[in-house]
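The structure appears below as C-alpha cells.
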Amino acid sequence: MTGIVALDICMAVGLLTGGAAALWKLFQFLKRLGDVFDDWNGEPAREGVPGRPGVMARLAQIEEQLHPNHGTSFRDAVDRVAASVARLEDHFHEHLREHPKG
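Take the sequence shown: its letter number 102 is residue 102 in UniProt numbering, and every next letter is one higher.
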C-alpha cells in the first residue's frame, strides 16, 4: 500500500479486475478443453439429442470403408470406377486401331 487512499483504491480495483479477467480467460480455456475431450470421447444420446460417436469410433467407421466388403464400401466403389475407366480406355484404344488417322 502506498498510503494514498485514492491510489490504493485504484490499485485494488485494478488488481481485482485483472484477477477477474484472468479467471474468466482461464474458465473459457478450460471449457474449450472440455469440449475437445467431449469430442474425442463422444457423448451418449440423451432425451431429444442424438448421441455423438467419439473420434476412435468415427475412425473405425472410416477404416471400414477402406477395405472391400462385396460392394458397399467406398473401396468397392473406387474399384468399380477404376474398372469402368479401364474398360472405356480399352474400347477407345480399340476404336483408334480400327480407325487410324487419315
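For each residue, glycine too, the CB sits at the ideal point set by N, CA and C.
Since the model is a prediction, treat every value here as computed from it, not as a measurement.
Judged by beta-carbon spacing, Gly34 lies beyond the 8 Å limit of Ala57, meaning their Cβ atoms are not closer than that value.
Glu47 sits in coil when the DSSP states are folded into three classes, being neither helix nor strand.
Boundaries cannot be given for His67, as no alpha helix (DSSP H) includes it and DSSP labels it neither H nor E. For Arg97, the enclosing alpha helix (DSSP H) starts and ends at 74-98. Judged by their CB atoms, Arg75 and His67 are nearer to each other than the 8 Å cut-off. Secondary structure note for Gly18: its alpha helix (DSSP H) is the uninterrupted segment 5-41.
Non-local beta-carbon contacts of Ser73 in its own chain, meaning distances under 6 Å to residues more than five positions away in sequence, involve Gln65 in chain order.
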